[in-house]
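If you count by mature numbering (1 follows the signal peptide of the UniProt record, and there is no 0), then the sequence shown holds residues -31 to -1, 1 to 72, one letter each, in order.
All C-beta atoms in this analysis are idealised placements derived from N, C-alpha and C, irrespective of residue type, glycine included.
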Amino acid sequence: MRESLRKIVVAGASLALAGGAALAVSAPAQAAGSAAVPSCVRALVGDSATHVTVAVRNDCDFPVRVRVNFVPGPAGPCTTVPPRWTHTESRAKPVAFGQLTAC
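Here it is in structure tokens:
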């Protein structure tokens, strides 16, 4: 399963780069004092010429409530992501992905 997921991520990155976009996988980053998200939640960040897209993947066995924070700018809404689901948010540049926080 892990090897299959790795192949999917590599294939997705290849497709994104071929299309002129960048793709990064980010571990949940937290600022001091912010609520940590579980380690089974991760952010996949896509960066195009005009937008930054963050796909939050919940690989936990339970729902999680997360907020996607962009820098600069306001954070996204607090969203419940069911187990084994992905939630996607996109913002027009000039923003960058800041962090995921629990809410």
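- Per DSSP, the continuous beta strand (DSSP E) segment holding S59 begins and ends at 55 to 61.
- Minimum Cα-Cα distance from P51 among the listed residues S59, D28, G45, P63 corresponds to D28.
- DSSP lists R34 as the beta-bridge partner residues of T49.
- Burial of G45 is indicated by the presence of at least 16 other C-beta atoms within 10 angstroms of its C-beta.
- Rounded to whole angstroms, the gap between the alpha carbons of P43 and R53 is 27 Å.
- Contact between A61 and H20 holds: their C-beta atoms lie close to 6 Å from each other, under 8 Å.
- Distances from the alpha-carbon of S8 to those of D30, T48, D16 put D30 closest.
- Judged by DSSP secondary structure, A65 falls within the beta strand (DSSP E) whose first and last residues are 65 to 71.
- When only Cα atoms are considered, V64 and C47 end up about 19 Å apart.
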